[in-house]
Each structure stands twice: as C-alpha cells, then as structure tokens.
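To keep things clear, I will list the structure first and then write my remarks on it.
Protein chains: 2
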Amino acid sequence: MTVGIIGLGLIGGSMAIDLKRRGFADRIIGVESNSINASAAGKIGLVDEVVSYETCVEEADIVVVAVPVGAAVKMVSDILDRFQTAGAKEKIVIDTCSTKEQIALATHYHPCRGQFVSTHPMAGTEYSGPWAAMPNLFDGRACIFANPEESSPKALKTIEEMYDVLNMRPIYMNASSHDLHTAYVSHISHVTSFALALTVLDKEKDEKHIFDLASGGFSSTVRLAKSNADMWVPILTQNRDNVLQVIDTYLEKMTQFRNAIADFDEEGIRSLIEDANRIKKIIR
Amino acid sequence: MTVGIIGLGLIGGSMAIDLKRRGFADRIIGVESNSINASAAGKIGLVDEVVSYETCVEEADIVVVAVPVGAAVKMVSDILDRFQTAGAKEKIVIDTCSTKEQIALATHYHPCRGQFVSTHPMAGTEYSGPWAAMPNLFDGRACIFANPEESSPKALKTIEEMYDVLNMRPIYMNASSHDLHTAYVSHISHVTSFALALTVLDKEKDEKHIFDLASGGFSSTVRLAKSNADMWVPILTQNRDNVLQVIDTYLEKMTQFRNAIADFDEEGIRSLIEDANRIKKIIR
C-alpha cells in the first residue's frame, strides 16, 4: 500500500512516521509546498520520497490531506475530480482538518464522495512543521469520523484500519455536531490562550518579569498561544458561528467573576470556583 | 534545627519532605487544623510529629506559615506577638502566601518585624492537601522575598539558606510589585481557567462529549480550574485591584478577538495571533 501525504507538518509528518514503522504503508510519498519544509522532511526521512502533488494523487492508494482547512476544502474536491477523470475507483482521500462542516458541504454532491473519508485525529502540540513531527503522537487519542455514512463502506473500513494502527479511538459524528463540540473543547482554549498572552505581553513590558515569575500554571495556560496563525485563522473563520457563541458565553462567565471580585463577594467567588471545580470529574 | 510547619498541604507538606531528607532540619513538627488531613500527614510521615499550634511556635526555630492567605495575615502577627512575649529573639517566622501586600502592611510596625521573612515560593500544582505533597516540588523555581530589607539580616540569611536547600532561585521585590506581577503571571491564569471550565460545563451538558473530545490542549488550559476555593478566594480578594485591572485588559483583548472573528477579518485575526505568538520568546 502506498500512502501519499500532502502537508508534511506536525500531523502529516507524525502520521508518516507511524504508518511506515508499524507496517501499514509499504511506501510513503509526501507533498510539501514550502521548499524549506520539503527539504527538511526529506532529510529527516519522514517520507520515502517528496513528490509533486500530481504524482502523489496518481501513485498513492490513500491520499492524506494534512494542510490548513482553507486549502483542504478545495484540495479534497480537486482530488476527487482527478480520481473521477482517471477512473481510479479504489483510491481513497481523507482530510485531517479541525473543522468539518465546510468540507462536508463542498464534497456532498461529488460523484466520487464515497471515496472521501472525513476525519479529525484529535492530537497535536503547539508546534508545527516537519520538525514537530513525532512518533506515537496519536496513541490513545480520539479520531472523529464526520458524516461516515457518506463514505463507501469499503473506504471507511480501510481508514478505520489505518487509525487503528495509529492507536486512535474512533468516534462517529455528523459534521455540524463536530464543529459545535470542538468549538467548546478545543477552539475556545486557543482563543483564551491567545488573549492571555496578549494581556500579559501588553502589560508586562519588561519581559524579564514574566520569565522570572511565570509559574507552571501560567505556562500551561498560555502554551496554546504559540499556535500557528496559518492553521488557526481558517479554523476560527470557518467555525465562526460556533466559536462566537462560545466566546460570548465565556465573556459572560468572566464578567461574573470580575463583578464578584469587584464587589468583594467572597461567597460569589467561592461558588463560581466550586462550580468550575466540577471539571475534575471529566479531566484528569 | 527544628522547623515547624503550620498547614500540611501541598506547599507545607512538600517543604517538610525536602527540608528533612536534605538535612536542613533535624526535626520537623507540623500543625494541621483539619483532623483528617492531620491524621493523613502523620500516616504519610510528612512530619516527625503533629503538634498543637502553641507547641509548634514554642518549639520550632523556624515557623513556616503555609495556610491560605486570609488566615496567614492574622497568624503571622500572632506568632510575632508570641515571640515578643517569650523573648524569643532568635526565632524566625515566614509565610509562603501568593499575595504579599496585606501581610506586609499588617506586620510593618511590629516590634519583632525583623524576625519575619515574607516569601512566595512559586511552585505548585492544581492539587491540595497532604496527599498532594511531593519531593522536588520547588527545584529550579523562583522564590520571591518581599520587602527583604524589613527582615533582620540574620533571619534573611537563614531563610535564604533554607530556600537554597530547596533549590529555589531567590528574587527580591517589594510587596506591591509582587502583587502586581503575580496578578499577571499567575492569578489571571487561574481566573481564565475557571471561566473556561464554567463555559464548557455550562454548554456541554453531556459530559461524555467533553471527555471523549477533550484534546491535550484543552486539558492543559483548563487544568488550573481544579484549584481549591479555600486558597483562591482570599488571593483574589486580597489582590482585588491588580486582578481587576488584568481582567479588564483581558476582556478587551478577548473582545478584539471576538470582533475580528465576527467580521471575518482574517488579517485582524492573523495579526492578533502573531502578536500572541511573541510569548514563545519568553515561555518554553
């Protein structure tokens, strides 16, 4: 089996490592539009060969689109067109994007829709590029299959097997539920981290103080603020409506906190904190 | 040297472990007002003996006050009173609180002020109680000495040696600067985490979705929301003015983000993210 990976960054590169060493793919070819990253991916040995986009789509049995979500929407449709033209009925394309509804809409009526499996492997770090790729990134994490009933049973089964090799737990969901839930459990965390970094950088002009005083708690809360704009601008715009709804709830909660502190309302602060503590039941 | 620790939780308990095993203290006695925690601390062996408050102040050469900041303000003054009455001029008391200005004001005119060293060892986890105590908690972290010029040189030197044994980096600062800076690099992180937990718990009535979908990013951003109300209510009220100022800046930044997303202003979102990315220069 030849797997072709378009976008040799954190997700694509990490997939390449484990699909090869765990024997799912005999050959891994990769496409990378940034020439520095392409050269690095070759030198690191993430893939057997860095090839052109056309060659990748032609030679791979499974094409993994692991590029930011704006580009991915167009690319998946283009790849399905190429499958159709070539009469390549056995080939499969998947995406790995963090928002699913727009890509679902864009492909819904495509005659080769069955050959597309829309997935979101929920793993990552705040780093990007081929240098961020690592083995075992996906182990034990959830992989969402969006609108799985639109894929052919055979394509779906192959990709389920692929994620099983990556040790991921499959979760099946429609694309719009996915976008709503990820707004809550992923996208908002990034926005709150970005806002925290902006606040601290704005006020602490003397960066040495941040460096000296930053506790482990601050570092973990602000970690996601290192995340890449190329990835996050399209996620936040494509999932605009859900993200706005979450931000508005968040602003309400933050304002409740603010007012309780302003009023020296110790009981109010305590009750907000104890309510928030319920997260212990869910997150280890 | 006998060290007496009042409050055998995360901070006090972890200090007990390392001061004993690294040979700074020959004997460690402890005070714990919660009887379940006291019994646990004894069984875990955090201290050589759990004693009464009076015995602790009488027998210890150094008294470490490691209780929530509201209680600590009164307790440190009371301990200085007892030193004075007993003519115990060699004894030292320290606090370990996360806010420093009120305790500085409360002790400033005390005749035994020189015997008090006000410190903030900036280490911790989101857990509390004697079960949360652990070896090596303080290694490599910063310890702030607030208004060190008000302590006698001898008392200051002893406590510097004590924190050196705990492998902490000393930083000297006046109490009001401390409270301003920690509002930025510690207190606000807790408030943003509490608000995040409240938002997600409010919207995701079905907790299974949070559990299934929560990525590593969400977990690290929301981790501090497990923090204890007994500790955080007094910190947030004692440091009210600084915390409010930071929350207000934070609300502004969050609103800028919200508006850029609402307007599909991709350049605006990109520029906010890239600004926030500057945190990379400071936090590893």
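Line order of the protein sequences matches chains A and B.
Following the working numbering, the numbering of the first sequence begins with 111 at its first residue and continues without gaps.
Following the working numbering, the numbering of the second sequence begins with 111 at its first residue and continues without gaps.
Yeah, the Cβ is synthetic: ideal placement off N, Cα and C, and Gly gets one too.
State yes or no: is the beta carbon of residue 165 (chain B) nearer than 8 Å to at least one beta carbon in chain A? Chain A contact via Cβ: absent.
Residues of chain B with a CB under 9 Å from the CB of residue 342 (chain A): which are they? For a Cβ distance threshold of 9 Å, residue set 379, 380 and 383 of chain B lies close to residue 342 (chain A), ordered along the chain.
Against chain C, which members of the stretch 253 to 281 of chain A pass a CB distance test of less than 7 Å? Structure shown: chain C not included; protein chains present are A and B.
Can you list the residues of chain A that residue 387 (chain B) reaches, using a CB-CB cut of under 9 Å? Near residue 387 (chain B) (Cβ distances below 9 Å), the residues of chain A are 304, 307, 335, 336, 337, 338 and 339.
Are the CB atoms of residue 378 (chain B) and residue 300 (chain A) nearer to each other than 8 Å? Not a contact, by the Cβ cut-off of 8 Å.
Mind checking whether residue 288 (chain A) and residue 256 (chain A) have CB atoms under 8 Å apart? The answer is yes: Cβ separation under 8 Å.
Could you pull out every residue in the same chain whose Cβ sits closer than 8 Å to the Cβ of residue 314 (chain A), ignoring the five residues on either side in sequence? Within the same chain, 320 come within 8 Å of residue 314 (chain A) by CB-CB distance, once the 5 residues on both sides are set aside.
For residue 202 (chain A), collect the residues of the same chain with a Cβ closer than 8 Å to its Cβ; drop the 5 residues on either side in sequence, then sort them by chain order. Counting only residues of its own chain and dropping the five nearest sequence neighbours on each side, residue 202 (chain A) has a CB closer than 8 Å to the CB of 171, 172, 173, 225, 226, 227, 265, 268 and 269.
Inter-residue spacing [alpha-carbon to alpha-carbon] between residue 229 (chain A) and residue 176 (chain A): In a straight line, the C-alpha of residue 229 (chain A) is about 10 Å away from that of residue 176 (chain A).
Using CA atoms only, rank isn't needed, just tell me which of A:339, A:394, A:392 and A:322 is closest to residue 393 (chain B). Looking at the Cα atoms, A:322 is the closest of the given residues.
Put residue 378 (chain A) into one of helix, strand or coil per three-state DSSP. Three-state DSSP puts residue 378 (chain A) in a helix.
Could you check whether the Cβ of residue 123 (chain A) sits closer than 8 Å to any Cβ belonging to chain B? Not closer than 8 Å to any Cβ of chain B, the Cβ of residue 123 (chain A) fails to qualify, so no.
Supposed contact pair residue 348 (chain A) and residue 179 (chain A) - C-beta distance, whole angstroms, cut 8 Å: With 8 Å as the limit, residue 179 (chain A) and residue 348 (chain A) qualify as a contact, their Cβ atoms being about 6 Å apart.
Would you say residue 249 (chain B) lies against chain A (beta-carbon separation less than 8 Å)? For residue 249 (chain B), the answer is no, since every Cβ of chain A falls outside 8 Å of its Cβ.
How about the stretch 368 to 383 of chain A and the stretch 335 to 354 of chain B: do they share at least three Cβ pairs that are nearer than 8 Å? The stretch 368 to 383 of chain A vs the stretch 335 to 354 of chain B: in contact.
Which parts of the stretch 326 to 353 of chain B are runs of the alpha helix (DSSP H), unbroken and 4 residues or longer, counting only runs that do not cross its ends? For the stretch 326 to 353 of chain B, the full-length alpha helix (DSSP H) segments reaching 4 residues or more read 326 to 332 and 339 to 348 along the chain.
Per DSSP, residue 253 (chain B) is paired with what? Partner(s): B:231 and B:280.
For residue 335 (chain B), tell me which candidate among B:325, B:359 and B:309 has the shortest Cα-Cα distance. When each option's Cα is compared against that of residue 335 (chain B), the closest is B:309.
C-beta atoms of residue 311 (chain B) and residue 388 (chain A) nearer than 8 Å: Against a cut-off of 8 Å, the Cβ pair of residue 388 (chain A) and residue 311 (chain B) comes out as a contact.
Would you please verify whether the beta carbon of residue 193 (chain B) is less than 8 Å from any beta carbon of chain A? Put simply, the CB of residue 193 (chain B) is far from chain A, with every gap to its CB atoms at 8 Å or more.
For residue 117 (chain B), the three-state DSSP class (helix, strand or coil): Coil, per DSSP.
Going residue by residue through the stretch 116 to 157 of chain B, where are the continuous beta strand (DSSP E) segments of at least 3 residues, counting only ones entirely within it? Listed in chain order, they are 137 to 141.
Tell me the start and end of each unbroken alpha helix (DSSP H) in the stretch 296 to 322 of chain B that is at least 4 residues and wholly inside, in chain order. The stretch 296 to 322 of chain B contains these whole alpha helix (DSSP H) runs: 298 to 313.
Return the chain-ordered list of same chain residues with a C-beta closer than 8 Å to the C-beta of residue 196 (chain B), the five sequence neighbours on each side being excluded. Within the same chain, residue 196 (chain B) has close Cβ partners 168.
Cα separation between residue 220 (chain B) and residue 303 (chain A)? Whole-angstrom Cα-Cα distance: 43 Å.
Taking buried to mean at least 16 other C-beta atoms within 10 Å of its own C-beta, is residue 248 (chain B) buried or exposed? Looking at its Cβ environment, which holds 16 or more other Cβ atoms inside 10 Å, residue 248 (chain B) is buried.
Hey, is residue 364 (chain A)'s beta-carbon within less than 8 Å of any beta-carbon in chain B? Yes, residue 364 (chain A) lies at the interface with chain B (some Cβ there is under 8 Å from its Cβ).
Nearest CA to the CA of residue 279 (chain B): which residue from A:325, A:218, A:372 and A:237? The option with the nearest alpha carbon to residue 279 (chain B) is A:325.
For residue 213 (chain B), decide whether its Cβ has a neighbour in chain A, counting only Cβ atoms nearer than 8 Å. Closer than 8 Å: no.
First and last residue of the beta strand (DSSP E) that includes residue 203 (chain B)? First-last of the beta strand (DSSP E) with residue 203 (chain B): 202 to 205.
The beta strand (DSSP E) spanning residue 269 (chain A) covers which residue range? Note, residue 269 (chain A): premise wrong, no beta strand (DSSP E); alpha helix (DSSP H) at 263 to 275.
Take residue 145 (chain B) as the anchor and find which of B:165, B:118 and B:136 has the nearest alpha-carbon. Nearest of B:165, B:118 and B:136 to residue 145 (chain B), Cα basis: B:118.
Please confirm whether residue 151 (chain B) and residue 142 (chain B) have their CB atoms less than 8 Å apart. Against a cut-off of 8 Å, the Cβ pair of residue 142 (chain B) and residue 151 (chain B) comes out as a contact.
What in chain A is Cβ-close to residue 234 (chain B), meaning under 9 Å? Within chain A, the residues whose beta carbon sits less than 9 Å from that of residue 234 (chain B) are 325, 326 and 327, listed in sequence order.
Are residue 391 (chain B) and residue 305 (chain A) close, meaning C-beta to C-beta below 8 Å? No.
Under 8 Å (Cβ pairs) to chain A, residues found in the stretch 195 to 224 of chain B: For the stretch 195 to 224 of chain B, the set of residues with a beta-carbon nearer than 8 Å to any beta-carbon of chain A is empty.
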